[in-house]
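In short: position in the sequence shown from 1, add 18, done, that's the numbering used here. Every residue, glycine too, gets a C-beta built ideally from N, C-alpha and C. Bear in mind the structure is a predicted one, so any value in this text is a computation, not a measurement. Everything on this sheet refers to the single structure shown next.
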Amino acid sequence: MKIKEIIKKNITGTIAIVIALGSMSFTMMSKETPESTIAGHFYRYTSSSLAQPDIENINNYKRIDDSCEEGSNVCGVYLATDKPANSTPVPSEFNAVKSQLWSSQQSGEPANADIKMKE
């Protein structure tokens, strides 16, 4: 009789653990993971050109406060490193997002939360 009770308790415990792990996995998988978070330091697009080479050119972005109105053209991007006013971004940070800046310009919508658009 003891063997049956031990097996029954082990099976019940195992089933409870499997259910708990399954629920926890489902909860973790169902939460949205943001594609990006605002880094905190805004670099404004300073050119009037809407051409790809200009939008992807680091020299057309300067460290300026965000003053973008909503729109469908690239206004600028938030990056991690703070630099003095009117400085260009850190190249490695900018290079990581420059293709997203161009895709934002093409679609008229920001490709991630760090990109701001203007009219």
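Every alpha helix (DSSP H) stretch that sits fully inside the region 49-127 and reaches 4 residues is listed by chain position as 70-73 and 109-125.
Counting the other CB atoms within 10 Å of its CB gives Ile73 a total of 16 or more, which places it among the buried residues. Of all C-beta pairs linking the region 121-133 to the region 81-100, three or more are shorter than 8 Å, placing the two stretches in contact.
Within a 10 Å sphere around the beta-carbon of Ser122 sit 16 or more other beta-carbons, which makes this residue buried. Separation of the CB atoms of Pro102 and Tyr61 is rounded to 12 Å, and the pair is thereby denied contact status at 8 Å. Of all alpha-carbon atoms in Asn104, Asn91, Ser105 and Val115, the one lying nearest the alpha-carbon of Ser125 is that of Asn91.
Residues of the same chain with a CB within less than 7 Å of the CB of Gly58, apart from the 5 flanking positions on each side, are Tyr96 in chain order.
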